[in-house]
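Worksheet: the structure to be examined is printed underneath.
There are 2 protein chains.
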Amino acid sequence: MPVRSSNSKILSLIRETPPDDIIFNLICGTTDISRIEGISAAGSNPEITLLTPTLDSEIISEGRCISMPIPPMTPEGIPTPALISRAALTSLGVSTVIVDAGFREMPKVPFLHSGIGTSGNPSRETALPEYRIAFETGRYIGRTLGSRYDLVALGESIPGGTTTSYLTLRSLGMDLPTSSSLPSDPGNMKEELWKRVQNRVNPDSLSLQQKIMEFGDYTQAMALGMMESLKDTPVILFGGTQMATIFRISDMMGQNVEKYLSTTSWVYSHRKETIDALVQDPERLIISEMTFGGSKHKGLRMYDLGHVREGAGMGGSFMLASLKTGNDQAIYSEIDRLYGSFM
Amino acid sequence: MPVRSSNSKILSLIRETPPDDIIFNLICGTTDISRIEGISAAGSNPEITLLTPTLDSEIISEGRCISMPIPPMTPEGIPTPALISRAALTSLGVSTVIVDAGFREMPKVPFLHSGIGTSGNPSRETALPEYRIAFETGRYIGRTLGSRYDLVALGESIPGGTTTSYLTLRSLGMDLPTSSSLPSDPGNMKEELWKRVQNRVNPDSLSLQQKIMEFGDYTQAMALGMMESLKDTPVILFGGTQMATIFRISDMMGQNVEKYLSTTSWVYSHRKETIDALVQDPERLIISEMTFGGSKHKGLRMYDLGHVREGAGMGGSFMLASLKTGNDQAIYSEIDRLYGSFM
Numbered sequence: 041m042p043v044r045s046s047n048s049k050i051l052s053l054i055r056e057t058p059p060d061d062i063i064f065n066l067i068c069g070t071t072d073i074s075r076i077e078g079i080s081a082a083g084s085n086p087e088i089t090l091l092t093p094t095l096d097s098e099i100i101s102e103g104r105c106i107s108m109p110i111p112p113m114t115p116e117g118i119p120t121p122a123l124i125s126r127a128a129l130t131s132l133g134v135s136t137v138i139v140d141a142g143f144r145e146m147p148k149v150p151f152l153h154s155g156i157g158t159s160g161n162p163s164r165e166t167a168l169p170e171y172r173i174a175f176e177t178g179r180y181i182g183r184t185l186g187s188r189y190d191l192v193a194l195g196e197s198i199p200g201g202t203t204t205s206y207l208t209l210r211s212l213g214m215d216l217p218t219s220s221s222l223p224s225d226p227g228n229m230k231e232e233l234w235k236r237v238q239n240r241v242n243p244d245s246l247s248l249q250q251k252i253m254e255f256g257d258y259t260q261a262m263a264l265g266m267m268e269s270l271k272d273t274p275v276i277l278f279g280g281t282q283m284a285t286i287f288r289i290s291d292m293m294g295q296n297v298e299k300y301l302s303t304t305s306w307v308y309s310h311r312k313e314t315i316d317a318l319v320q321d322p323e324r325l326i327i328s329e330m331t332f333g334g335s336k337h338k339g340l341r342m343y344d345l346g347h348v349r350e351g352a353g354m355g356g357s358f359m360l361a362s363l364k365t366g367n368d369q370a371i372y373s374e375i376d377r378l379y380g381s382f383m
Numbered sequence: 041m042p043v044r045s046s047n048s049k050i051l052s053l054i055r056e057t058p059p060d061d062i063i064f065n066l067i068c069g070t071t072d073i074s075r076i077e078g079i080s081a082a083g084s085n086p087e088i089t090l091l092t093p094t095l096d097s098e099i100i101s102e103g104r105c106i107s108m109p110i111p112p113m114t115p116e117g118i119p120t121p122a123l124i125s126r127a128a129l130t131s132l133g134v135s136t137v138i139v140d141a142g143f144r145e146m147p148k149v150p151f152l153h154s155g156i157g158t159s160g161n162p163s164r165e166t167a168l169p170e171y172r173i174a175f176e177t178g179r180y181i182g183r184t185l186g187s188r189y190d191l192v193a194l195g196e197s198i199p200g201g202t203t204t205s206y207l208t209l210r211s212l213g214m215d216l217p218t219s220s221s222l223p224s225d226p227g228n229m230k231e232e233l234w235k236r237v238q239n240r241v242n243p244d245s246l247s248l249q250q251k252i253m254e255f256g257d258y259t260q261a262m263a264l265g266m267m268e269s270l271k272d273t274p275v276i277l278f279g280g281t282q283m284a285t286i287f288r289i290s291d292m293m294g295q296n297v298e299k300y301l302s303t304t305s306w307v308y309s310h311r312k313e314t315i316d317a318l319v320q321d322p323e324r325l326i327i328s329e330m331t332f333g334g335s336k337h338k339g340l341r342m343y344d345l346g347h348v349r350e351g352a353g354m355g356g357s358f359m360l361a362s363l364k365t366g367n368d369q370a371i372y373s374e375i376d377r378l379y380g381s382f383m
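So the sequences go chain by chain: C and Y.
Residue numbering for the first sequence follows this note's numbering, starting at 41 and increasing by one per position.
Residue numbering for the second sequence follows this note's numbering, starting at 41 and increasing by one per position.
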């Protein structure tokens with residue numbers, strides 16, 4: 041089975057919900073943390089990672105890059121998982137909306153503008169000085185848009201996001217390794233950063249909100265705000281340890297939302313303990329068993345070797361397409377075709 | 041009766057639709073035409089009219105100006121009708137969404153970003169080089185957002201909009217005076233401009249779309265795009281001769297949408313013939329009989345003397361509040377209170 045869950049009810053719900061009653065929100069942000077060498081593979085060099093959410097948005101919305109001639113790549117030349125999400129979602133008829141949780145450059149496709157800006161580097165400054173505005177904007181978007189649908193999917197595009205998640209979890213007293221877009225997680229760098237962060241501010245006396253504000257990123261604040269106003273609508277978080285961190289914080293906030301995490305087997309085999317510890321209830325977990333072993337493109341086959349693993353809602357988008365079409369071969373063909381169109 | 045229509049069914053529908061199933065979209069744009077001296081009173085001087093939609097958005101969304109310390113004013117110091125819309129909509133529970141049909145400056149509240157830019161001056165250049173993108177963006181917004189509601193209201197904030205409407209109508213062979221935010225309509229200037237526009241391009245050989253593209257503004261393209269995807273959802277255009285122009289073009293395009301125009305008696309008494317000619321069917325018309333005669337603020341009492349007349353969905357917002365609360369005195373009190381908070 042390409043899609044696994046111990047909860048057959050949620051799989052049935054997804055199968056039975058008409059595609060046009062489902063909305064996929066790509067929550068896009070940037071953090072100064074991704075500019076540190078070696079932290080993120082979501083871009084061919086650290087500075088250019090700040091543009092990745094802009095290009096991911098264009099790929100998800102239009103199936104092409106507008107702001108630059110080429111898609112975001114890892115330093116090894118493996119293209120962004122947004123390509124895979126786009127291919128999987130194409131022709132399903134699911135609505136997609138791009139949410140600005142801190143673009144550095146505005147994408148050239150329609151999106152929900154917040155103007156919230158790049159999250160700061162918490163070793164130097166409060167990461168989210170505008171936490172409250174981001175959370176309230178999320179609440180507004182959830183109420184005005186998300187709550188009008190039967191099923192809401194939330195994905196992310198924020199290079200450096202597994203590092204901000206790591207820092208947030210540490211501040212919450214959880215020493216859990218997050219995943220990474222790099223084949224070898226830069227765990228030591230994350231730990232080093234956490235030490236420097238603690239030199240600036242001691243987390244012990246801070247509230248939950250203050251910890252996100254000091255150490256997190258705006259995609260967290262925006263996603264939590266959205267879930268705050270989705271009391272009657274099931275939410276599926278599409279992503280890996282970043283979205284699992286948001287899942288956990290939502291629980292800690294006491295948010296009364298029916299929520300699930302849909303991720304790839306690449307993340308789950310890399311960070312099973314972390315995902316299990318954050319999601320806690322296996323009934324809330326959906327795993328996409330994806331393989332690009334049969335792809336004609338080397339860049340896709342590299343995913344099977346532990347590159348990228350997740351991002352831009354890749355695992356959840358594949359899950360949706362697989363459950364709703366039952367035709368994985370057609371999804372893989374479309375991924376190959378779209379990938380080819382970018383090369 | 042403060043709200044008049046020969047169609048009691050639409051009034052009942054509005055009364056009976058729960059407020060949170062209604063969405064009000066403020067479609068915001070700018071045109072280089074408003075920079076011509078004497079064309080628009082939607083700003084204390086011509087250049088500053090380009091900021092009016094930005095500030096109107098902030099007033100509608102948050103009840104205050106963020107990007108500048110004071111609200112948009114006419115040269116006589118009469119504040120923007122966005123104040124009145126905001127006061128009327130406050131506490132109704134209607135969702136409001138700001139749509140970018142060409143902001144000059146980005147407002148500091150959440151909005152749907154298109155980045156389409158200022159519409160050109162048609163005496164010098166094609167007004168809407170990106171007509172197709174604006175229309176498609178409108179279609180996307182209508183489908184993703186509007187169609188999820190039971191009733192969609194569309195208002196506008198675009199200084200110079202009665203002039204672009206005049207030019208558009210002329211190109212369509214209709215010599216109808218549009219209204220104006222000025223007490224005395226600068227009809228001669230509009231007519232002069234039309235002569236200059238014709239020197240640049242002859243409308244005779246152009247299609248309907250090409251005429252909007254050459255002579256119109258992006259709020260028209262965006263509103264028409266939105267209506268294109270609202271086949272099963274009634275739409276109420278909140279506005280005067282500008283929205284009536286869009287109403288007429290929608291008919292000419294053969295759009296299959298159930299639509300109404302809600303305007304003020306100030307516009308209707310000023311330009312009855314134009315409104316009747318554009319809307320054609322009296323069953324599609326709703327008139328708000330507003331009066332600020334009892335206001336303690338001179339700036340509001342000036343509305344009764346033919347200043348401003350309409351804009352930012354003022355007439356329709358009053359109509360909604362009046363029908364849904366039945367308490368006009370409370371609406372007028374809230375308008376007075378909010379107005380006072382800006383002075």
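Heads up, the beta-carbon is just placed ideally off N, CA and C, and yes, glycines get one too.
Residues are counted here when their Cβ sits less than 8 Å from a Cβ of chain C; for the stretch 162-188 of chain Y these are T177, Y180, I181, R183, T184, L185, R188, given in chain order. In the three-state reduction of the DSSP assignment, N85 of chain C falls in the coil class, being assigned neither a helical nor a strand state. Residue-level contact check: I63 of chain Y touches chain C, since one or more beta carbons of chain C fall below 9 Å from its beta carbon. Scanning chain Y for C-beta atoms nearer than 7 Å to the C-beta of F151 of chain C yields H153, reported in chain order. Annotated three-state conformation of Y258 of chain Y is helix, per DSSP.
Under the Cβ criterion of 9 Å, S269 of chain C is not counted among the residues facing chain Y.
By the CB criterion at 9 Å, G69 of chain Y and Y258 of chain Y fall inside the cutoff. Any Cβ of chain C closer than 9 Å to the Cβ of M113 of chain Y would place that residue at the interface, and such an atom is absent.
Going by beta carbons, L277 of chain C and L301 of chain C fall inside the 9 Å limit. The DSSP assignment places complete alpha helix (DSSP H) segments of no fewer than 4 residues inside the stretch 44-119 of chain C at 48-56, 92-102, in order along the chain. When Cβ pairs closer than 8 Å are counted between the two stretches, the stretch 104-116 of chain C is seen not to touch the stretch 316-332 of chain C, the count staying below three. For L168 of chain C and R236 of chain C, the gap between their C-alpha atoms comes out near 17 Å. Bounds of the alpha helix (DSSP H) holding L360 of chain Y are 354-365. Closest in alpha carbon position to M342 of chain C, among C:Y171, C:T203, C:L222, C:S163, is C:L222.
Secondary structure at E170 of chain Y: coil, using DSSP grouped into helix, strand and coil.
Contact between L212 of chain C and K148 of chain C is ruled out by a C-beta separation of about 37 Å, above the 8 Å threshold.
For K148 of chain Y, the chain C residues whose C-beta falls within less than 7 Å of its own C-beta are G155, listed in chain order. Taking all protein chains in view, the Cβ of S135 of chain Y is crowded by 16 or more other Cβ atoms within 10 Å, so the residue is classified as buried. With fewer than 16 other CB atoms across the displayed protein chains lying within 10 angstroms of its CB, K338 of chain C is exposed.
Close CB contacts of I371 of chain C within its chain, under the 8 Å cut and outside five residues either way in sequence, are with A127, A128, F358, A361, S362, T365 (chain order).
For V137 of chain C, the chain Y residues whose Cβ falls inside 8 Å of its Cβ are T184, in order along the chain. Apart from sequence neighbours up to five positions away, the residues of its chain that approach L325 of chain Y with a beta-carbon distance below 6 Å are L301, V319, ordered along the chain. If you ignore the 5 residues before and after A263 of chain C, its C-beta comes within less than 7 Å of the C-beta of I67, G178, L194, I286, all in its own chain and listed in chain order.
Beta-bridge partners assigned by DSSP to I138 of chain Y: Y:L66.
Proximity to G355 of chain C across C:Y379, C:T304, C:I62, C:V275 peaks at C:T304, based on C-alpha coordinates. Contact check for G201 of chain C against Q282 of chain C passes: the beta carbons are separated by less than 9 Å.
In this structure, C:L209 is the residue among C:G351, C:P112, C:L209, C:R144 with its C-alpha nearest to the C-alpha of S290 of chain C. Any Cβ of chain Y closer than 9 Å to the Cβ of D140 of chain C would place that residue at the interface, and such an atom is present.
It is roughly 7 Å from the alpha-carbon of R75 of chain C to the alpha-carbon of T89 of chain C. Under DSSP, V348 of chain C forms no beta bridge with any residue.
The C-beta distance from S159 of chain C to T203 of chain C rounds to 11 Å, too long to meet the 8 Å contact threshold. At a Cβ-Cβ threshold of 9 Å, E374 of chain C and T130 of chain C count as neighbours.
Under the DSSP assignment, I327 of chain C falls in the beta strand (DSSP E) whose first and last residues are 325-328. Secondary structure at L209 of chain Y: helix, using DSSP grouped into helix, strand and coil.
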